[in-house]
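Chemist:
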Amino acid sequence: MMYSSNYFLSLLLSLPGILIAITFHEAAHGYAAEAMGDDTPRLSGRLSLNPFRHIDWIGFLAMIFLHFGWAKPVPINPNNFSDRKKGMIRVALSGCLTNLLLGFIGYAVYLICLPLNNLVLSIVLQSIYEYNVVFAVFNLIPIPPLDGYHILYEFLPYRGKVRMEAMARYGFIILLILMFAGVFGWIITPLSSGIIRLYNLVLSPLAKLVAL
C-alpha cells in the first residue's frame, strides 16, 4: 500500500498532541495519588513529564493510527490513601480532567494562532486539543483497566464489585476486540466532537476578538 508524504507528515505533526496527552494524564494520576498519601508513583519514578516513563508502545501506536489508545498505568497502593474511596476516585478522575483542561487550553491557543495562517502550527495545535479530548473520553469508558472502570467500581454494591473484578482479567482483551471492531469510534467520536463544540462556544468571544 502506498502512502503520500502528506500522510506521514500528518502523523509526525500529531506526535506532540499524543505525547502531551499521555504524559500529563499519567503524571496527573501520580500527583493525585501522592496528594492522597501514596508515595508509590514517586518511588516508581512516575512523577515525571518524561513521556518515555509513561508510554505503552501498543497503546501509543493505537493513538497514532486509530486516534485512541492508552499509556502505561501508574502503580498505586490504595492502602496508603487517607480515604481509599476518595483516593481512587480522585486518582482516576485526575488524568481525564487534566486532559480536558489541556484540550481547552490547546483550543484557545489554536484560535489565537489562526490569524498567523501557519498550517504546520495549526495542525500541531489541533492535534493537541483533539488527542487530549479523545484520551479523556476513552479513559472514562468503564472497562478495566481504564479510569472509568475504577470510578464506577467505587460506587457499586458488593455483588457489582465482584462481577467487575471477574471481568477485569479479560479487560485488555475486551478493549482490543472493541477497538478493532470499531465500536469505540461510535462512542468516542460524537462525545469528543460535542466537547470541542462546547470549547468553541465558551471561547467564541476570544475567536471574535482574534478575528478583529
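The opening position of the sequence shown corresponds to residue 89 in my numbering, with each subsequent residue numbered one higher. Every residue gets a Cβ at the ideal spot worked out from N, C-alpha and C, and that includes glycine. This structure is a prediction, so every number in the text was calculated from the model and none was measured.
1) Take Y219 and list the residues in its own chain whose beta-carbon comes closer than 6 angstroms to its own, dropping the five residues that flank it on each side.
2) Look at H113 and N165 and say whether their C-beta atoms are less than 8 angstroms apart.
3) Assuming A159 and L135 are in contact, meaning their beta carbons sit under 8 angstroms apart, how far apart are those beta carbons, in whole angstroms?
4) Using a Cβ-Cβ cut-off of 6 angstroms (strictly less than) and excluding sequence neighbours within five positions of S210, which residues of its own chain qualify?
5) At which residues does the alpha helix (DSSP H) containing L297 begin and terminate?
6) Quick check: the Cα distance between D126 and K173, rounded to an integer number of angstroms?
7) Between the beta-carbon of L244 and the beta-carbon of P230, is there less than 8 angstroms?
8) Pick out whichever of F192, V162, F260, L263 has its Cα sitting closest to the Cα of I283.
9) Pick helix, strand or coil for D235, following the three-state DSSP scheme.
10) Determine contact between the stretch 143 to 160 and the stretch 267 to 284, defined as no fewer than three beta-carbon pairs at a distance below 8 angstroms.
11) Would you report the Cα separation of Q214 and R247, rounded to the nearest angstrom?
12) Whole angstroms are fine: how far does the CA of A123 sit from the CA of L72?
13) Under the three-state reduction of DSSP, which class applies to L244: helix, strand or coil?
14) What's the gap between the Cα of F140 and the Cα of G147?
15) Applying the 10 Å Cβ sphere with the 16-neighbour rule, what's the burial state of P129?
16) According to DSSP, is I229 part of a helix, a strand, or is it coil?
Modeler: Inspection of the coordinates gives the following:
1) Locating residue 219 in the sequence shown gives position 131, counting from the first residue. The beta carbon of Y219 is closer than 6 angstroms to those of G105, I106, A109 in its chain, skipping five residues each way along the sequence.
2) Counting from 1 along the sequence shown, the entry for residue 113 is found at position 25. Counting from 1 along the sequence shown, the entry for residue 165 is found at position 77. Judged by beta-carbon spacing, N165 lies beyond the 8 angstroms limit of H113, meaning their Cβ atoms are not closer than that value.
3) Locating residue 159 in the sequence shown gives position 71, counting from the first residue. Locating residue 135 in the sequence shown gives position 47, counting from the first residue. The beta-carbon separation of A159 and L135, rounded to 15 angstroms, does not stay under the 8 angstroms limit for a contact.
4) For this step, residue 210 is matched to residue 122 along the sequence shown. Excluding residues within five positions, none has a Cβ falling inside 6 angstroms.
5) Your numbering for residue 297 matches position 209 in the sequence shown. For L297, the enclosing alpha helix (DSSP H) has its first and last residue at 292 to 299.
6) Here the question's residue 126 lines up with position 38 in the sequence shown. Here the question's residue 173 lines up with position 85 in the sequence shown. Just so you know, the alpha carbons of D126 and K173 end up roughly 13 angstroms apart.
7) The residue you call residue 244 lines up with position 156 of the sequence shown. The residue you call residue 230 lines up with position 142 of the sequence shown. Cβ atoms of L244 and P230: not closer than 8 angstroms.
8) Locating residue 283 in the sequence shown gives position 195, counting from the first residue. When F192, V162, F260, L263 are compared, the shortest CA-CA separation from I283 is found for F192.
9) The residue you call residue 235 lines up with position 147 of the sequence shown. Secondary structure at D235: helix, using DSSP grouped into helix, strand and coil.
10) Because the criterion of three Cβ pairs below 8 angstroms is met, the stretch 143 to 160 and the stretch 267 to 284 touch.
11) Mapped onto the sequence shown, residue 214 falls at position 126. Mapped onto the sequence shown, residue 247 falls at position 159. C-alpha separation (whole angstroms): 43 angstroms.
12) Past the boundaries of the shown model lies residue 72; the chain is included only from 89 to 300, so the question cannot be answered.
13) Taking the sequence shown and counting its residues from 1, one reaches residue 244 at position 156. L244 carries a coil assignment under DSSP once its states are collapsed to helix, strand and coil.
14) By 1-based counting over the sequence shown, the position of residue 140 is 52. By 1-based counting over the sequence shown, the position of residue 147 is 59. The alpha-carbon atoms of F140 and G147 are separated by roughly 13 angstroms.
15) Position 41 of the sequence shown, counting from 1, holds the residue named residue 129. P129 is buried by the Cβ-count criterion.
16) As a first step, residue 229 is located in the sequence shown; it is residue number 141 there, counting from the start. I229: coil per DSSP, three-state reduction.
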